[in-house]
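**Q** So in the working numbering, spot 203 of the sequence shown is number 1455, and the numbers just go up one at a time.
For each residue, glycine too, the CB sits at the ideal point set by N, CA and C.
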Amino acid sequence: MKTISIDFQPQRSFLGHSRRAAVAHMGEMVAELNKNALFAEQRILVRSQPDFSLNHVEEQRKSPFASAGFVDVINAMEGSELLQGMPSESRYHKIFSVNCTNDAHQSLCFHDKEELKSTGLIEWLLEQEASTLIIGGTATDRSLKETVKQLRFFGNWDIVVNLAACRGFDAEDTLCAINEMRRVGVRTITNSMELLSKLMPEGSKSEEFAKINHALKFARI
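(1) Counting C-beta neighbours from all protein chains within 10 Å, is the total for residue 1423 16 or more, i.e. buried, or is it exposed?
(2) Any chance the region 1412-1432 sits against the region 1371-1383, with 3 or more Cβ pairs inside 8 Å?
(3) To which residues of the same chain is residue 1359 closer than 6 Å at the C-beta, ignoring the five residues directly before and after it?
(4) Between the Cα of residue 1284 and the Cα atoms of 1255, 1362 and 1386, which residue gives the shortest distance?
(5) Taking all protein chains shown into account, do 16 or more other C-beta atoms lie within 10 angstroms of the C-beta of residue 1394, making it buried, or fewer, making it exposed?
(6) Is the Cβ-Cβ distance between residue 1347 and residue 1296 less than 8 Å?
(7) Less than 8 Å between the beta carbons of residue 1349 and residue 1361, yes or no?
(8) The beta strand (DSSP E) spanning residue 1418 covers which residue range?
(9) Mapping DSSP to helix, strand and coil, what is residue 1206?
(10) Give the straight-line distance between the Cα atoms of residue 1254 and residue 1277, rounded to the nearest whole angstrom.
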């Protein structure tokens, strides 16, 4: 049994460069995402992946609005990059990519609304015999909420959502999303400091506890 931290879509596309709506204060969640990983044996990334297929590019080339289409492709490529301060992709134990043409409200456990094409996230977590999932990312009021609810449904994991490591599009919708997650048994915490009491034994004097406690207080990540 192990603890796994999951980063949901900490990508530049949510800054608003290639979207009509932007998620505010995205950069502020990076440090908390990195701190989540201090408590986990493994860290994984679930990211939106733009369609770079040859057919898609050819359609853009033939379009009467070809130049605008290629600008969209370039924006999508840049938007898929991780936020500054996030680790390189090679540092993750596993990466799951989801077609970014999905509905923004759709769960990231599946590629389609019908839930017929799995992204492999649920299956992988079951194979790893994970016990606890520490979650952060975007967007709290949309795909993150839906994904967390599905994880709760399909697995018997203890799910902890670090709210300081999450961002949503709308404040009121985000509050509703938090309440929805709580109603299905998901634990929410204000920030990573609460993970000390949630996941570490009370009064622990272990070397691991001391290391994490020091990192949370002094590490500038």
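**A** Taking the definition as stated:
(1) Under this definition residue 1423 is an exposed residue.
(2) The region 1412-1432 makes no contact with the region 1371-1383, as fewer than three CB pairs between them are under 8 Å.
(3) So the list reads 1398, 1399 and 1402, once near-sequence residues are dropped.
(4) When each option's Cα is compared against that of residue 1284, the closest is 1386.
(5) When all chains shown are included, residue 1394 counts as buried.
(6) Yes.
(7) No; because the gap between Cβ atoms is not below 8 Å, this pair is not in contact.
(8) Taken as a continuous stretch (DSSP letters only), the beta strand (DSSP E) holding residue 1418 covers 1410-1419.
(9) Coverage of the chain is limited to positions 1253 through 1473, which leaves residue 1206 absent and any answer about it impossible.
(10) So the two alpha carbons sit approximately 31 Å from each other.
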